[in-house]
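Worksheet for the structure shown next.
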Amino acid sequence: MAMDKQSQPLVTVCVANFNGATLLPSGSSLIEECIDSVLGQQLDQGVEILVYDDASEDRSRDIIKQRYSSTVTLIEGTQNVGYCSANNIMASQASGKYLLLLNNDAALRPGALEAFAKQAAKDPEAILSLEQYQSSTLELIDAGMGLDILAVPYPLKDHNPEKLVTVIGACLWVEQAYFCSSGGFPPWLESIGEDLFLCLSARSVGRSVSIAQGSSYLHHSGFSFGGGKADQTGTTSFRRRFLSERNRLSILLIFFPAVSIAPLTLAFLLSWVAEAILLSLVHQSFKPVTKIYYPAMRELIKLAPKIYRQRQLSRAENVQSARDFFARLTFMPAKLRFLLTHGLPRLSG
1 MAMDKQSQPL VTVCVANFNG ATLLPSGSSL IEECIDSVLG QQLDQGVEIL
51 VYDDASEDRS RDIIKQRYSS TVTLIEGTQN VGYCSANNIM ASQASGKYLL
101 LLNNDAALRP GALEAFAKQA AKDPEAILSL EQYQSSTLEL IDAGMGLDIL
151 AVPYPLKDHN PEKLVTVIGA CLWVEQAYFC SSGGFPPWLE SIGEDLFLCL
201 SARSVGRSVS IAQGSSYLHH SGFSFGGGKA DQTGTTSFRR RFLSERNRLS
251 ILLIFFPAVS IAPLTLAFLL SWVAEAILLS LVHQSFKPVT KIYYPAMREL
301 IKLAPKIYRQ RQLSRAENVQ SARDFFARLT FMPAKLRFLL THGLPRLSG
C-alpha cells in the first residue's frame, strides 16, 4: 500500500483515540490493532493516517510514537475535546480526497480500502461504510442501519438499499471537501448520533448512503463507553442513553419534515415519560429520571437556538421531499422491537 506522506493520497484515515492502550486478548492494544489493520491494506492509491489523541491518560501516545512514527501523523490534544471535535480537527488537516473515520476500537478486514475505493469510483459523493462484525464473536452487527419514525436507528442484517438510511460512524467514508464545507460533526453532539446527523444531512442535499461490497470491519462495539451497545449485550450506560436520547430528538427537530415535527415531538416526549416510569420501577431507583430524561430535556432547552439555526441551514439546502424522506422509515418502533427481543436494557454507571 502506498503510504508516502508527500504524495496526494486518495484517502486520509482519521482515528480519534482516547485511552487506546488497553490490551486485547491477542496481546495487541486497541490502537495497535486499529492502525495495523490499515497498514495491512493493499491499495495502489496513496493513504494518509492521522491519529488525534484526545488527551489520553494511558500509554497511547508512546505506543504511536514508538511504533508508527514513519507512517502515522499524531496530533496531540492538550485537553479532551470529544469525538466530534477530534474528527473535525483531523478532517481540516487531511490531505486525502476522502476521509475514512475509523474508531480506535475498530479494525479493517483485508480488502476494505479497495472496496471503498471501487464504490467511490462509481459514486464519488456517497457516504459509505462496510458490513460490521463483533470482534469477539464474529457475529454480524449490521449491514447498514434503518431508521424508525422516532429517529431510532436499527440494524439491517442484509443488504436492503431501500431501507438503509444511515451507517455507523465507527467506519465511515466521506468526501473530505463535503465533510468540511458542511461543517463536519456539530461539536455539541459530543458523540452518539453524529453519524445519523451526517447521513441525513447528506441525503437532504441529494447524496446517497450505502454499504461498499467486498469486505467488512471488526468492532469492539461500544468499547469506548465502558460496555457494549444495548442492541448487542442488553447493557448500556446512563451516559450513553442520555446522549442517545438528547441527540436523537435534536436530529429529529433538525431534519424531519415540518409537517411531522409537532406530532412526533409529542410522541417522543410521551415515550420518555413511559420509559422513565418503567425503568425507574424496574431498577427501583430514580436514576433513569435524574441521569437520562431530565438532563436530556434540560440540555435540549439550552441547545434550542443551535438546533433552530441548524434546521434553517438544512432546510435552505434541502432537495428531498417529505414523501421520499418517510419512504425509507419504518413505523414499527425500534425500541419496541428491542424490548420484545432482548427485554429492558440494563443500565450502569
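Read in order, the letters of the sequence shown correspond to residues 1 to 349 in UniProt numbering.
Where is the CB? At the ideal position from N, CA and C, for every residue including glycine.
Just so we're clear, the structure is a prediction, and the values are computed from it rather than from any experiment.
The alpha carbon of Ala316 has as its nearest neighbour, out of Asn104, Glu33, Phe116 and Val205, the alpha carbon of Val205. Asn160 counts as exposed, since fewer than 16 other beta carbons sit within 10 angstroms of its beta carbon. Asn17 carries a strand assignment under DSSP once its states are collapsed to helix, strand and coil. Excluding its 5 nearest sequence neighbours in each direction, Gln45 has C-beta neighbours in its own chain below 8 Å: Ala2, Pro9, Leu10, Val11 and Ala117, listed in chain order.
The beta strand (DSSP E) runs of length 3 or more contained entirely in the region 235-314 are, from start to end of the chain, 235-237. Around the beta carbon of Gly146, a 10 Å sphere encloses 16 or more other beta carbons of the protein chains shown; the residue is thus reported as buried. Here the alpha carbons of Val259 and Phe197 stand approximately 20 Å from one another. Annotation: the continuous beta strand (DSSP E) that includes Val51 extends over Val47 to Asp53. If the five residues before and after Arg246 are omitted, its C-beta is found closer than 7 Å to the C-beta atoms of Ala296, Glu299 and Leu300, all from its own chain and listed in chain order. In the DSSP secondary-structure assignment, Ala106 is bridged to His219. Our two residues, Gly20 and Leu50, have alpha carbons roughly 15 Å apart in a direct line. By a beta-carbon distance limit of 8 Å, Asp142 contacts Gln132. Their separation comes to about 5 Å. Under the Cβ criterion (8 Å, minimum of three pairs), the region 61-70 does not count as touching the region 82-93. The three-state secondary structure of Pro155, taken from DSSP, is strand. Ranked by Cα distance from Pro333, the first of Ile307, Phe268, Ser280 and Arg311 is Phe268.
For Arg203, the enclosing alpha helix (DSSP H) has its first and last residue at Glu194 to Ser204. Counting of Cβ neighbours within 10 angstroms places Pro305 among the exposed residues, the total staying below 16.
In this structure, Arg207 lies away from Lys291, with their beta-carbon atoms at least 9 Å apart.
In the three-state reduction of the DSSP assignment, Ser321 falls in the coil class, being assigned neither a helical nor a strand state.
About 7 Å separates the beta carbon of Ser210 from that of Leu164, a gap short enough to meet the 8 Å contact definition. A Cβ-Cβ contact shorter than 9 Å links Arg109 with Leu218.
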